[in-house]
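**Q** One structure is given below, represented as C-alpha cells, and several questions about it will come after.
Numbering (the numbering used here), first residue to last: 10 to 311.
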C-alpha cells in the first residue's frame, strides 16, 4: 500500500496537502467511483479519510484476511471508531481493507470484473437499506469483512464464500438481492465458480458447495408454480438440515423488517401465498442444502 500526498487548491486556505491511499494505480476515490457508491456516501467517506490515520486500525484491517479473526476484528474496529454516525467511519475502513486486498487479486490473477462485482456489495447494501428506511447509511459492516478479507467473491449471479467450519473449508453459496435467478444465469455462475476455484484456489478442489437460505425451505413448493426460478434453484440441492425457523425472509420478500403481517404487500403470488401461510401460523426455515453431484461425481451443473 502506498500513501501519496497531493496538493489541493482551495480559495479560502490557499491550498493544503491531502493524503490519498493508493493500491497499485487505484485509490479510494477511484474505488468509490468504480463501484458506483452513492455520491452522498462517497463524499462523507472521503471527508473522513482525509483526516484519519489508518495506522490506528491497521491490525484490525489485516485481521480481516484471517477467517477466524475477522469477526473479532470487526468488533474491535467498531469500538475504536465509536461514535460513528451512519457507520461512515467503519465503511471507510472496510473500503480501505477492500482496496488493500486488490493486490491479492492481482497476485492470484483474478480479474477486475470479479473484483469490482464483489466490491459493489457496499453500494447494493446501502441501496437495500435505503429502500427499507428512506435513509442512506451503512448497516452491513458485520458482513463485509468477508469481501474485504478475500473470503467471498461475486461470480456472475451468485456469491461464493470460503467458509471455515470444524477445521475444514466448504464453499457457501449466497444469493444477492440483485441476482439474475434464471436457471441459465445460475448455471453460468456455478460453472464459472468451479473454474474460478480450480484455477485460483486449487487446494479447495473437491470442496462441497452448500447453501443456507429460506429459499431452500420445502414449504415454498406449495406457494410457487412448478418451473419457477426458486424451485429450479431448490432442485439443485440435497437438503440435509431443515434449519431453524427465522424471519429473515421478510426483508428480502417484502422489503421491510416489520412483522406486522397484515401490512405486507401482495404484489406477487409468492407474497400473497406467503402472507396467508404466515397469518395461518406457518413458519419459514433457513434450510441447509448441499449441491447435488452428477453421475461423474462432480457438483451438478458445474
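By construction, the Cβ of each residue, glycine as well, lies at the ideal position given by its N, Cα and C atoms.
(1) For the beta strand (DSSP E) that residue 163 lies in, which residues bound it at each end?
(2) Does DSSP put residue 289 in a helix, a strand or coil?
(3) With distances taken between CB atoms, is the gap from residue 255 to residue 295 smaller than 9 angstroms?
(4) What does DSSP give as the partner residue(s) for residue 324 in the beta ladder?
(5) On the DSSP bridge list, what partners appear for residue 150?
(6) Helix, strand or coil for residue 263 per DSSP?
(7) For residue 36 and residue 132, what's the separation of their Cα atoms in angstroms?
(8) Quickly, what does DSSP pair residue 219 with across the bridge? List them, please.
(9) How big is the Cα-Cα spacing for residue 293 and residue 61?
(10) Specify, as a first and last residue, the run of the beta strand (DSSP E) that residue 167 falls within.
(11) Three Cβ pairs or more, each shorter than 8 angstroms: is that satisfied between the stretch 189-200 and the stretch 157-167?
(12) Using only the alpha-carbon positions, how far apart do residue 208 and residue 76 sit?
(13) Any contact between the stretch 67-85 and the stretch 118-138? By contact I mean 3 or more CB pairs, one from each, below 8 angstroms.
(14) Just reading off the alpha helix (DSSP H) that residue 139 is part of, what are its end residues?
(15) Can you tell me whether residue 198 is buried or exposed, with buried defined as 16 or more other CB within 10 angstroms of its CB?
(16) Leaving out five residues on either side along the sequence, give the residues of the same chain with a beta carbon under 8 angstroms from the beta carbon of residue 311.
**A** A quick look at the data gives this:
(1) Here residue 163 refers to the residue found at position 154 of the chain shown. Annotation for residue 163: the continuous beta strand (DSSP E) segment containing it runs 161-164.
(2) Residue numbering aside, residue 289 sits at position 280 when the chain shown is read from its first letter. Note: residue 289 maps to coil in three-state DSSP.
(3) In the chain shown, the residue the question calls residue 255 occupies position 246. In the chain shown, the residue the question calls residue 295 occupies position 286. It is a contact, given that the beta carbons lie within the stated cut-off.
(4) The chain is shown only over 10 to 311; residue 324 falls outside these bounds and no answer can be derived.
(5) The count along the chain shown starts at 1 and reaches residue 150 at position 141. Beta-bridge pairing links residue 150 to no other residue.
(6) Locating residue 263 in the chain shown gives position 254, counting from the first residue. In the three-state reduction of the DSSP assignment, residue 263 falls in the helix class.
(7) One-based indexing of the chain shown puts residue 36 at position 27. One-based indexing of the chain shown puts residue 132 at position 123. Approximately 17 angstroms between the Cα atoms of the pair.
(8) Numbered from 1 along the chain shown, position 210 holds the residue referred to as residue 219. Beta-bridge pairing links residue 219 to 181, 299.
(9) Start at 1 with the first residue of the chain shown, and residue 293 comes out as number 284. Start at 1 with the first residue of the chain shown, and residue 61 comes out as number 52. Using only the alpha carbons, I get a separation of about 44 angstroms.
(10) To locate residue 167, count along the chain shown from 1; it is residue 158. In the DSSP assignment, residue 167 falls within the unbroken beta strand (DSSP E) covering 167-174.
(11) Output reads yes: the stretch 157-167 touches the stretch 189-200.
(12) Indexing the chain shown from 1 puts residue 208 at position 199. Indexing the chain shown from 1 puts residue 76 at position 67. Those two C-alpha atoms are separated by around 21 angstroms.
(13) Under the Cβ criterion (8 angstroms, minimum of three pairs), the stretch 67-85 does not count as touching the stretch 118-138.
(14) Translated into the one-based positions of the chain shown, residue 139 becomes position 130. For residue 139, the enclosing alpha helix (DSSP H) stretches over residues 130-142.
(15) Counting from 1 along the chain shown, the entry for residue 198 is found at position 189. With 16 or more other Cβ atoms within 10 Å, it is buried.
(16) The residue given as residue 311 occupies position 302 in the chain shown. Confidence in residue 311 is poor, its pLDDT being 42 and thus under 50, which makes the residue's placement unreliable; the coordinate value appears in the next sentence. Closer than 8 angstroms at the Cβ level, and outside the excluded window around residue 311, lie 199, 200, 202, 203, 218, 300.
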